[in-house]
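One structure is given below, encoded as structure tokens.
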Amino acid sequence: MPVLLQLDSSADLTTSVSRAVTATFVDAWRGLGDDQRVVRRDLHADPLPHLADASLHWPPRLRSADARPPQDAERLQQQIIDELLGADAVVIGAPMYNYSLPSTLKAWIDYIHVPGVTAPFDVPSQPMAGRPAVIISSRGGIYDDGSANAGWDHTVPPLQIILGDALGMEVSVITVSRTLSAVVPGLAAEAGRAAEELAAAHRQAAEAAAAMASR
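Numbering-wise (UniProt numbering), the sequence shown opens with residue 1 and increments by one.
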């Protein structure tokens, strides 16, 4: 039974673009067959606490002898890691907040990126290697090559590094920009382009989910 892990992190529970596009992906995933399962974690509605102790960045064998992380924090981290390891594919809604990740999504990264467990360190551990991860990132402004804000996207690159380089997953990215064109006067002229990008993102999300049927 194929399992999709769906992560949403937008603080906007009603009009979020990233949530809308992850929903399109999930609908297409479910359409692949009755056995397609979805495990959803809403990182805004049910936020993870920040790591309770620095030693949780490491597995027990690599911690200092005096490390005593809270047991409930260890159990929660293991639950989050097991949730990831149990997924055949991952879709992440990652809106740009202040040119970076929502803090709720960053907290999730801190839980699952454990050298020697989910990423290579003292052992070549990379249990998620080869599994697909789709990042759906929305941003209010313009970040095209050559634009004034080109290079200011610090939302997608960290996810590509952690999921792709460290965990070895096959990462693909769907972006939607100009999402504030309907509310920011200076972006009003971009409304047509924004609509085109949103339609393309929904199409790409459905296609990405459908393509997983052949994996």
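Ideal Cβ placement from N, Cα and C applies to all residues, glycine included.
Check, Outcome
"Between residue 99 and residue 119, what straight-line distance do the alpha-carbon atoms span, to the nearest angstrom?", "26 Å"
"DSSP on residue 183, reduced to helix/strand/coil?", "coil"
"DSSP state of residue 89, grouped into three classes?", "strand"
"Could you give the first and the last residue of the continuous beta strand (DSSP E) run that contains residue 3?", "3 to 8"
"State the CB to CB distance for the pair residue 56 and residue 77, rounded to an integer number of angstroms; the pair is presumed to be in contact (CB under 8 Å).", "6 Å"
"Following the continuous alpha helix (DSSP H) through residue 165, name the residue where it begins and the one where it ends.", "Where residue 165 is concerned, there is no enclosing alpha helix (DSSP H), given that its DSSP letter is neither H nor E."
"Going along the chain, which residues of its own chain have a beta-carbon closer than 6 Å to the beta-carbon of residue 175, five neighbours each way excluded?", "137"
"By the three-class DSSP mapping on this structure, what secondary structure does residue 82 have?", "helix"
"Among 53, 15, 184 and 20, which has the Cα closest to the Cα of residue 204?", "20"
"Beta-carbon within less than 6 Å of residue 24's beta-carbon, same chain only, minus the 5 sequence neighbours each way: which residues are those?", "202, 205 and 206"
"Rounded to a whole number of angstroms, what is the C-alpha to C-alpha distance between residue 14 and residue 153?", "24 Å"
"Using 10 angstroms around the beta-carbon of residue 44, count the other beta-carbons present and answer buried if the total reaches 16, otherwise exposed.", "buried"
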